[in-house]
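Worksheet: the structure to be examined is printed underneath.
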């Protein structure tokens with residue numbers, strides 16, 4: 219999984235019918251570097267299992283495991299938000 | 219999933235027979251950065267579930283989940299377009 | 219999938235026995251940028267379903283879907299060539 | 219798999235219920251370069267099969283195989299720590 | 219698959235029990251560029267199906283297909299060495 223920030227959503231009327239009912243959220247991946255959190259790489263589009271909103275920090279899963287979140291819809295998805303981050307505990311390492 | 223733009227298609231007469239009947243579209247990945255959309259990384263080739271055309275912005279899925287779009291053809295594919303984007307709602311964040 | 223160019227092959231006498239009978243071709247990934255085609259990233263090794271030769275442009279599939287090409291051999295592969303490219307239709311976009 | 223260093227953990231109260239009981243550790247990937255070990259790329263979030271703690275060097279697995287670590291919980295995960303590294307044996311190559 | 223060079227191994231006493239009996243080799247990915255072979259990207263950790271040793275050039279497979287090499291051990295792995303490279307045949311292309 220990775221942590222990311224929800225930065226938007228995609229509106230798509232014409233889509234695979236198994237996606238109907240799934241929100242498509244745009245997520246900016248984040249990385250932890252020496253105790254601070256920063257954007258890392260390009261955005262992706264994820265479905266949402268936990269009611270995340272724009273601006274929230276989340277945990278998301280990619281690839282085939284995301285199908286477990288799609289569940290009985292059978293939706294063809296490769297990314298899903300599986301948690302809302304309360305906090306990240308990542309102490310800055312001592313200087314070496 | 220990711221958003222991308224259809225920029226072309228591939229013509230291949232000699233191919234795995236399970237691919238016959240699937241259009242092979244070339245997709246330029248896009249990323250959302252501070253509210254604007256820009257190309258991000260190298261193109262890929264995807265089959266199409268929704269009738270996308272050149273120049274359209276789409277949502278595509280990668281990896282094993284794309285096999286769900288191939289369906290009963292059993293085609294060996296790792297990317298599939300699953301939606302046409304009407305719009306991307308990604309407000310530019312406030313300056314920090 | 220991606221387009222690529224076959225640039226060589228790997229000779230390996232000692233190998234997983236399920237790979238016996240599969241050619242191992244070296245493929246240089248290609249990307250389409252504003253209507254032209256250029257190398258993109260590092261080479262990979264793929265089995266071949268369509269009789270591709272050195273110098274040919276191909277379409278290849280990665281990951282678990284490539285197992286569909288390995289078929290009954292049960293070979294542990296993560297990339298397979300699934301088509302020979304006749305041509306790539308990717309008009310250069312108008313200047314914006 | 220890759221080697222990495224545990225640099226923190228994520229606290230998430232609202233999450234897919236199948237993740238309850240799994241610790242979510244933040245891992246910094248490491249790479250071996252000419253006999254020395256250095257950080258490589260962005261952090262990820264992994265569940266833990268072996269009781270790893272912050273500061274420890276670990277081996278982790280990504281993608282669908284990580285589901286084997288989730289086991290009967292059925293948790294939607296794409297990364298899991300599967301070993302604690304005692305040491306890395308990687309002699310620096312002779313100068314060429 | 220990719221070609222790579224075995225550059226070391228990982229010693230891990232505490233690990234998922236299904237990994238017991240599997241050697242964990244460190245592999246430096248290699249890429250073929252205009253007929254010559256060079257390191258490409260960060261190292262990974264792979265199990266070994268063919269008795270590879272440090273310094274040898276190998277072919278390895280990543281992702282779910284590597285589970286085929288783990289076989290009945292059920293080990294959670296995402297990379298496996300599947301061949302020892304005798305030679306790479308990659309003629310330098312003519313200047314264009």
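Residue numbers (this note's numbering), protein chains in the order written: chain A, 219 to 314; chain B, 219 to 314; chain C, 219 to 314; chain D, 219 to 314; chain E, 219 to 314. Ideal Cβ placement from N, Cα and C applies to all residues, glycine included. It should be emphasised that the depicted structure is a prediction, and the values quoted were computed from it without experimental measurement.
ask   = What's the C-alpha gap between residue 223/C and residue 285/B?
value = A straight-line Cα-Cα distance of about 24 Å links residue 223/C and residue 285/B.
inquiry  = Contact criterion: CB-CB distance below 8 Å. Does residue 231/C meet it with respect to chain B?
reply    = Not an interface residue.
inquiry  = With distance defined between alpha-carbon atoms, name the residue in 231/C, 233/C, 239/C and 252/C nearest to residue 194/C.
reply    = Since the first residue shown for chain C is 219 and the last is 314, residue 194/C is missing from the structure and cannot be characterised.
ask   = For residue 245/A and chain D, any beta-carbon pair shorter than 8 Å?
value = No, no contact with chain D.
request  = Could you check if residue 250/D is buried or exposed, using at least 16 other CB atoms within 10 Å of its CB as the buried criterion?
outcome  = Burial is judged here by how many other beta carbons sit within 10 angstroms of a residue's own beta carbon; residue 250/D has at least 16 and is buried.
ask   = Smallest Cα separation from residue 255/D: which of 226/E, 257/E and 288/E?
value = Measuring C-alpha to C-alpha distances from residue 255/D to each of 226/E, 257/E and 288/E identifies 226/E as the nearest.
ask   = What is the DSSP secondary structure of residue 287/A, reduced to helix, strand or coil?
value = Assignment of residue 287/A by DSSP, reduced to helix, strand and coil, places it in the helix class.
query = Quick one: is residue 240/A near chain D, going by C-beta distance under 8 Å?
reply = Among the CB atoms of chain D, none fall inside 8 Å of the CB of residue 240/A.
query = DSSP state of residue 232/D, grouped into three classes?
reply = In this structure, residue 232/D counts as coil in the three-state DSSP scheme.
query = When the cut-off is 8 Å and only beta carbons count, does residue 266/D lie next to chain A?
reply = With its beta carbon at least 8 Å from every one in chain A, residue 266/D lies outside the interface.
inquiry  = Taking beta-carbon pairs under 9 Å, can you tell me which members of the region 277–289 of chain E lie near chain D?
reply    = Here the close residues are 280, 281, 282, 284, 285 and 288.
key: Integer-rounded CB distance, given that residue 260/E should sit under 8 Å from residue 259/D   = Going by Cβ atoms, the distance from residue 259/D to residue 260/E rounds to 7 Å, so yes, they are a contact pair.
ask   = Can you check whether the CB of residue 297/D is closer than 8 Å to the CB of residue 275/A?
value = One thing to note: residue 275/A has its Cβ no nearer than 8 Å to the Cβ of residue 297/D.
request  = Return yes when the Cβ of residue 232/B is within less than 8 Å of the Cβ of residue 273/C, no when it is not.
outcome  = In this structure, residue 273/C lies away from residue 232/B, with their beta-carbon atoms at least 8 Å apart.
ask   = First and last residue of the beta strand (DSSP E) that includes residue 317/A?
value = This structure cannot settle anything about residue 317/A, because the visible part of chain A is limited to 219 through 314.
request  = Give the DSSP-derived three-state secondary structure of residue 237/B in the structure shown.
outcome  = In the structure shown, residue 237/B sits in a helix (DSSP, three-state: H, G or I).
message = Counting C-beta neighbours from all protein chains within 10 Å, is the total for residue 234/A 16 or more, i.e. buried, or is it exposed?
response = Result: buried.
key: Reference residue 291/D; option with closest CA among 248/D, 240/D, 281/D and 230/D   = Among 248/D, 240/D, 281/D and 230/D, the Cα nearest to that of residue 291/D is on 240/D.
Any chain D beta carbon closer than 8 Å to residue 262/E = Residue 262/E counts as touching chain D.
ask   = Hey, how far is the Cα of residue 269/E from the Cα of residue 310/D?
value = Roughly 21 Å between the two C-alpha positions.
Cβ-based contacts, 7 Å cut-off: residues of the region 295–314 of chain C near chain E = Residues of the region 295–314 of chain C with a C-beta less than 7 Å from any C-beta of chain E: 295, 296 and 297, listed in chain order.
request  = Identify the contact partners of residue 259/D in chain E, using a Cβ-Cβ distance below 7 Å as the criterion.
outcome  = Proximity of chain E to residue 259/D at the Cβ level (cut-off 7 Å) is accounted for by 260, in chain order.
Euclidean distance between Cα positions of residue 213/A and residue 262/B = Only positions 219 to 314 of chain A appear in this structure, which leaves residue 213/A out of reach.
task = Would you check if the distance between the CB atom of residue 295/E and the CB atom of residue 265/E is smaller than 8 Å?
result = Yes, Cβ-Cβ distance for residue 295/E and residue 265/E is below 8 Å.
message = By alpha-carbon positions, which one of 230/C, 299/C, 243/C and 242/C ends up nearest to residue 277/C?
response = Ranking the options by Cα distance to residue 277/C, first place goes to 299/C.
request  = Check the DSSP bridge columns for residue 243/A and list the partner residues they point to.
outcome  = 227/A and 264/A, per the DSSP bridge assignment.
query = Quick one: what's got a C-beta closer than 7 Å to residue 236/A's C-beta in the same chain, skipping five residues either side?
reply = Sequence-distant partners of residue 236/A (beyond 5 residues in either direction) whose C-beta falls short of 7 Å from its own C-beta, in its chain, are 291, 292, 293 and 294.
key: Burial state of residue 245/A, where buried means 16 or more other Cβ atoms lie within 10 Å   = By the 10 Å Cβ count, residue 245/A comes out buried.
ask   = If you draw a straight line from the alpha carbon of residue 283/E to that of residue 242/B, how long is it in whole angstroms?
value = Distance between the alpha carbons of residue 283/E and residue 242/B is about 25 Å.
key: 9 Å Cβ cut-off: residues of chain C touching residue 250/E   = By Cβ distance, chain C contributes 225, 226, 244, 246, 260 and 261.
ask   = Smallest Cα separation from residue 229/B: which of 221/C, 289/C and 229/C?
value = Here the closest residue by C-alpha is 221/C.
query = What residues of chain B sit near residue 292/A, judged by a beta carbon separation below 9 Å?
reply = Under a criterion of Cβ atoms nearer than 9 Å, the residues of chain B adjacent to residue 292/A are, in order, 286.
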